[in-house]
Amino acid sequence: MLEIGYGHTPNVHFFLSHLIVPKQATRCIYSEQLDEFSAFLDVAIDGPYAHIRRIAITGQRSYEQMFGIKDTTLFIHGKVDFVQIRSLFSEAILPNVQELVLSPLPEHMPTSVELRHMLRSLPLLTTLTMAGAASIHLHRLTSALGVLNDAQNNATNVINPNLRVIRVFNYSISQFYPDSYLDIFPLVLLSQARAGIGHPLQKLEIEDCQQGQVEELQGYLGATELMSHKKPFGKQVFGRLLDEMWSAIRDSVPVLH
């Protein structure tokens, strides 16, 4: 295991350049301010991190910034802005990602253009899980996937052609539950658009949606299965995810508790 705490990105990068770290090794880098996270994966020397299958981005106000790898998951946690992670989203670095978990803080929610950049770099993506600020900005997801742009929405130019499952949870790590219910209308539009270009979604999994809206819109989903959960389902899912993340870090480090 490799653990580096409270260093600036150039210093950490310089330190890493003098080490040979196996790609599959558990690692954790944390600080008050990290710059470009891709600097921690030196693909120019090591080649792509082909074993990574999941990226989990979780925002939390009470924690600064953390970058970690455990098994086949890359974790990004804390007060992290899109500009810090943009360069990570490249097929040259992470070519085989199949799942993206996106639960940012409201002030760090990617725009539709930024989200499209992230999704385009993940051609093998099959599962997208959204919570926190992402759950109340579903229109950005539909825009990023081309629903509102005819030039993007055709069978020869499909973003994430393997995308089959979208999970949206009305849950936030850093704040109380939103008072409003989830609005699944953008997801229904997305489901119809994907089916129309021959890349249908298999399942929509949602938490805390009004039952009346589910009953009203379910008939427009075609073959897409709609699974509706009650709170605190999302909290339990993210609880397991965060337990997995923290288990990558030694219990003897008090600053991370």
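For the sequence shown, the positions run 0 to 256 when numbering that gives the first Met the number 0 is used.
Just so you know, even glycine gets a beta-carbon here, dropped at the ideal spot from N, CA and C.
As the structure is a computational prediction, the values presented were derived from the model and not from experiment.
Cα-Cα separation, residue i to residue j
i	j	result
Thr126	His17	36 Å
Glu224	Ser171	25 Å
Lys69	Met244	7 Å
Leu99	Phe36	16 Å
Pro253	Gly67	Model confidence at Pro253 stands at a pLDDT of 45, short of 50, so the residue's coordinates are unreliable; what they give is reported in the following sentence. Rounded to whole angstroms, Pro253 to Gly67 spans 17 Å at the Cα level.
Leu203	Phe13	44 Å
Thr8	Leu121	25 Å
Asp242	Gly233	14 Å
Ala130	Pro103	8 Å
Ile56	Ser89	16 Å
His256	Val236	With a pLDDT of only 45 at His256, under the threshold of 50, the placement of this residue in the model should not be trusted, and no figure is reported.
Ser251	Ser30	Residue placement at Ser251 cannot be trusted, given a pLDDT of 35 that sits under 50; the coordinates are not used to answer.
Met65	Gly197	39 Å
Ser190	Gly4	43 Å
Ile19	Lys230	45 Å
Asn156	Val112	16 Å
Gln32	Leu118	25 Å
Leu220	Gly58	31 Å
Thr110	Val82	11 Å
Cys208	Glu214	10 Å
Ala222	Gln212	18 Å
Leu15	Leu240	27 Å
Arg85	Ala91	13 Å
Own chain, CB closer than 6 Å to residue i, minus 5 neighbours either side, in chain order
i	result
Glu2	Cys27
Asn10	none
Ile54	Leu73, Val96, Leu99
His136	Met108
Gln151	In this prediction, Gln151 has a pLDDT of 49, which is less than 50 and means its spatial position is unreliable; what the coordinates show is noted afterwards. Gly145.
Arg60	Ser173
Asp34	Thr8
Thr275	The question about residue 275 has no answer here: the residues shown for the chain are numbered 0 through 256.
Leu114	Arg139, Ala143
Asp182	none
Arg193	Pro199, Leu200
Rounded Cβ spacing between residue i and residue j (contact assumed at less than 8 Å)
i	j	result
Val164	Gln201	6 Å
His138	Pro185	5 Å
Ile205	Ser227	6 Å
Leu124	Asn161	6 Å
Sheet register partners of residue i (DSSP bridge)
i	result
Lys69	Thr72
Ala38	Answer is none; Ala38 lacks a bridge partner.
Arg53	Thr72, Glu98
Arg166	Thr128, Glu204
Ile28	Ile3, Phe66
Leu225	Leu203
Gly77	Gln64
Leu181	Cys208
Residue i: CB within 7 Å of a non-hydrogen atom of the ligand GTP
i	result
Leu225	This structure lacks the ligand GTP, and indeed carries no ligand of any kind.
Close beta carbons around residue i, own chain, < 8 Å, minus the five adjacent residues each side
i	result
Ile51	Ile68, Thr71, Thr72, Leu73, Leu93, Asn95, Val96
Tyr331	Only positions 0 to 256 of the chain appear in the structure, and residue 331 is not among them; the question remains open.
Cβ-based neighbour list, residue i, same chain, cut-off 7 Å, excluding 5 preceding and 5 following
i	result
Thr25	Met0, Ile68, Lys69, Ala247
Ala263	This structure does not reach residue 263, given that the chain is present from 0 up to 256, and the question cannot be answered.
Ala274	Only positions 0 to 256 of the chain appear in this structure, which leaves residue 274 out of reach.
Val187	Leu216, Tyr219, Leu220
Residue-level contact to chain D via CB, residue i, 8 Å cutoff
i	result
Lys69	Note that chain D does not occur in the displayed structure, where there is just one protein chain.
Checklist entry - How do the stretch 138-145 and the stretch 78-90 stand: do at least 3 beta-carbon pairs fall below 8 Å, yes or no? => result no
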